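Q: Heads up: the sequence shown begins at 1 in UniProt numbering, then just goes up one per residue.
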Amino acid sequence: MTGFGEVIEQRGGYAIAVELRTVNNRYFKLNIRTTEGYSSLETLIESAIRETVKRGTVSCNLRIRHLASAEDFRLNTRVLNQYVDQLQEVAAKRNLDEMIRLEPLASLPGVVEQLSAESLDAASLWPLVEPTLRSAINQLTKMRTAEGEALADDLNEQCSTVAACLDVIEGQAPMISENYRKRIQDRVNEALSSLNVTLEPTDLVREVALYTDRADISEEIVRLRSHLQQFVEAQKLPESAGRKMEFICQEMGRETNTIGSKANDALISQQIVEIKTALERIREQIQNVQ
1 MTGFGEVIEQ RGGYAIAVEL RTVNNRYFKL NIRTTEGYSS LETLIESAIR
51 ETVKRGTVSC NLRIRHLASA EDFRLNTRVL NQYVDQLQEV AAKRNLDEMI
101 RLEPLASLPG VVEQLSAESL DAASLWPLVE PTLRSAINQL TKMRTAEGEA
151 LADDLNEQCS TVAACLDVIE GQAPMISENY RKRIQDRVNE ALSSLNVTLE
201 PTDLVREVAL YTDRADISEE IVRLRSHLQQ FVEAQKLPES AGRKMEFICQ
251 EMGRETNTIG SKANDALISQ QIVEIKTALE RIREQIQNVQ
């Protein structure tokens, strides 16, 4: 399912920004981009995201910026003293009587040093990064949950279509043998009428019985109903059920194809087309299911 989450916070002297995006994928795939120097956090980031996202392509962008403060700068007194000594030496040689001010000296190279924030261990910043990451994951989850509710409504509608078509097929199934008996009797009688030969009832019954046995779809109907119920129940599971639902959908398609090939009936063929259309819709939608 698609989703988006973005959180920007300041913690412990750092500005931390996390952006998460997800798009549909049958499997879990994670792409992480971090500020240079923080790639060692990727394992922890992936572990946190996997707790919530089971399927889909996830893009994570982590930006970390150190917020400068007075403690991050140091006066290099050795360099400053060297500057002062040189200036005093020049002033003495030229008989200059000027006051040396510290303010201009502070802008000279090397007088003020900035302590490198990058020298810190990236893993030590994880307690600052994790709350921001989880807030972004929560935003992502809310959006995916809303999409999931709409997806569930559509899946239930498609399942209702399959169930309704299956009711029609089950009601029509007993008529298959009778319709076949009428067709074969009419065709044989028409072919033999010119020869003054009639078809014995026992021969007709035998042929119809053989056809009825080959065209019996009662087992397929029972299995398809069972798969349909399993699919509905899988939607209610608290754990990830996307792949299970995908497998059940394949089995429903297999039973549907068998019914269509065994039952040579126009009305049943119409219902098979409707079921296949609904299953195709389900197959597309469950790619979004976690």
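Glycine residues also receive a C-beta, built at the ideal position from the N, C-alpha and C atoms.
Quick caveat, the model's predicted, so the values are computed rather than measured.
Using 8 Å as the cut-off, can you tell me whether the region 52-62 makes contact with the region 25-33, which would need three or more C-beta pairs spanning the two stretches below that distance?
A: Contact between the region 52-62 and the region 25-33 is present, because at least three Cβ pairs lie under 8 Å.
Q: Residue range of the alpha helix (DSSP H) that Asn81 falls in?
A: For this step, residue 81 is matched to residue 81 along the sequence shown. That run of the alpha helix (DSSP H) goes Thr77 to Lys93.
Q: Got a sec, what are the start and stop residues for the alpha helix (DSSP H) Thr43 sits in?
A: Translated into positions along the sequence shown, residue 43 becomes position 43. Residues Glu42 to Arg50.
Q: Exposed or buried, what is Arg65 when buried is set at 16 or more other beta-carbons lying within 10 Å of its beta-carbon?
A: Residue numbering aside, residue 65 sits at position 65 when the sequence shown is read from its first letter. Arg65 is exposed by the Cβ-count criterion.
Q: Just tell me which of Ile49, Glu9 and Gln230 has its CA closest to the CA of Met245.
A: Walking along the sequence shown from the start, residue 245 turns up at place 245. For Met245, the nearest C-alpha among the options comes from Gln230.
Q: If contacts are defined as beta-carbon pairs under 8 Å, then Trp126 and Leu44 qualify, I think. What distance do you get, rounded to the angstrom?
A: Along the sequence shown, one-based indexing puts residue 126 at 126. Along the sequence shown, one-based indexing puts residue 44 at 44. Going by Cβ atoms, the distance from Trp126 to Leu44 rounds to 6 Å, so yes, they are a contact pair.
Q: Pairing CB atoms from the region 142-150 with CB atoms from the region 3-20, are three or more of them under 8 Å?
A: Contact holds: three or more Cβ-Cβ distances are below 8 Å.
Q: Taking Cβ positions, are Leu128 and Gly12 nearer each other than 7 Å?
A: Numbered from 1 along the sequence shown, position 128 holds the residue referred to as residue 128. Numbered from 1 along the sequence shown, position 12 holds the residue referred to as residue 12. Closer than 7 Å, so yes.
Q: Counting only C-beta atoms, is Glu280 closer than 7 Å to chain D at any point?
A: The chain labelled as chain D is not found in the depicted structure, where only one protein chain is given.
Q: Do you know how far the Cα of Ser218 is from the Cα of Glu274?
A: For this step, residue 274 is matched to residue 274 along the sequence shown. For this step, residue 218 is matched to residue 218 along the sequence shown. Distance between the alpha carbons of Glu274 and Ser218: 19 Å.
Q: Report the option in Glu89, Thr132, Ser107 and Gly110 whose CA atom is closest to the CA atom of Glu19.
A: To locate residue 19, count along the sequence shown from 1; it is residue 19. When each option's Cα is compared against that of Glu19, the closest is Thr132.
Q: Would you mind reading off the limits of the alpha helix (DSSP H) that contains Lys29?
A: Indexing the sequence shown from 1 puts residue 29 at position 29. It is not in any alpha helix (DSSP H) - Lys29 instead sits in the beta strand (DSSP E) that spans Phe28 to Thr34.
Q: Could you round the C-beta distance between Ile221 and Ala234 to whole angstroms and report it? I think they count as a contact, below 8 Å.
A: Within the sequence shown, the letter at position 221 stands for residue 221. Within the sequence shown, the letter at position 234 stands for residue 234. Their Cβ separation, rounded to whole angstroms, is 20 Å, which puts Ile221 and Ala234 out of contact at 8 Å.
Q: Please report the distance separating the alpha-carbon of residue 315 from that of Val111.
A: Residue coverage of the chain in this structure runs from 1 to 290, which leaves residue 315 outside it and unanswerable.
Q: Whose C-beta lies closer than 7 Å to the C-beta of Gly253 among residues of the same chain, with five residues either side of it excluded?
A: Against the sequence shown, residue 253 aligns to sequence position 253. Result list for Gly253: Leu279, in chain order.
Q: Can you tell me whether Glu9 is helix, strand or coil according to DSSP?
A: Numbered from its first residue, the sequence shown carries residue 9 at position 9. Glu9: strand per DSSP, three-state reduction.
Q: My output table needs one value for Val111: the three-state DSSP class, helix, strand or coil.
A: For this step, residue 111 is matched to residue 111 along the sequence shown. Three-state result, Val111: coil.
Q: When the Cα atoms are used, what is the spatial distance from Thr52 to Asp154?
A: Here residue 52 is taken as the residue at index 52 of the sequence shown, counted from 1. Here residue 154 is taken as the residue at index 154 of the sequence shown, counted from 1. Thr52 and Asp154: Cα-Cα distance of roughly 23 Å.
Q: Under 7 Å, do Arg55 and Thr35 count as touching if we go by C-beta distance?
A: Mapped onto the sequence shown, residue 55 falls at position 55. Mapped onto the sequence shown, residue 35 falls at position 35. No, the Cβ-Cβ distance between Arg55 and Thr35 is not below 7 Å.
Q: Figure out for me which residue from Gly242, Ala152 and Val7 has the closest Cα to the Cα of Ile137.
A: As a working note, residue 137 is residue 137 in the sequence shown. Residue Val7 is the option with its Cα nearest to Ile137.
Q: What does a CB cutoff of less than 8 Å around His227 pick up in its chain, not counting 5 residues either side in sequence?
A: Here residue 227 refers to the residue found at position 227 when the sequence shown is read from its first residue. Cβ neighbours of His227 beyond the five flanking positions: Ile248, Glu251, Met252 and Glu255.
Q: Measuring CB to CB, does Glu113 end up less than 7 Å from Arg74?
A: By one-based count along the sequence shown, residue 113 stands at place 113. By one-based count along the sequence shown, residue 74 stands at place 74. In contact: Glu113 and Arg74 (Cβ atoms closer than 7 Å).
Q: Grouping DSSP H, G and I as helix and E and B as strand, with all else coil, what is Asn257?
A: As a position in the sequence shown, residue 257 is number 257, starting the count at 1. Helix.
Q: Beta strand (DSSP E) containing Glu98: first to last residue?
A: Within the sequence shown, numbered from 1, the residue matching residue 98 stands at position 98. Neither: Glu98 is in no beta strand (DSSP E) and is coded neither H nor E.
Q: Express the C-alpha separation of Gln172 and Ile268 in angstroms, rounding to a whole number.
A: Translated into positions along the sequence shown, residue 268 becomes position 268. Translated into positions along the sequence shown, residue 172 becomes position 172. In a straight line, the C-alpha of Ile268 is about 7 Å away from that of Gln172.
Q: Tell me whether the beta-carbon of Gln287 lies closer than 7 Å to the beta-carbon of Val168.
A: Within the sequence shown, residue 287 is the residue found at index 287, counting from 1. Within the sequence shown, residue 168 is the residue found at index 168, counting from 1. Contact flag unset, no.
Q: Could you tell me if Leu224 is buried or exposed, where buried requires 16 or more neighbouring beta carbons within 10 angstroms of its beta carbon?
A: Counted from its first residue, the sequence shown places residue 224 at position 224. That one is buried.
Q: Counting along the chain, where does the beta strand (DSSP E) carrying Thr57 start and finish?
A: Here residue 57 corresponds to residue number 57 of the sequence shown, with the count starting at 1. Per DSSP, Thr57 belongs to the beta strand (DSSP E) from Gly56 to His66.
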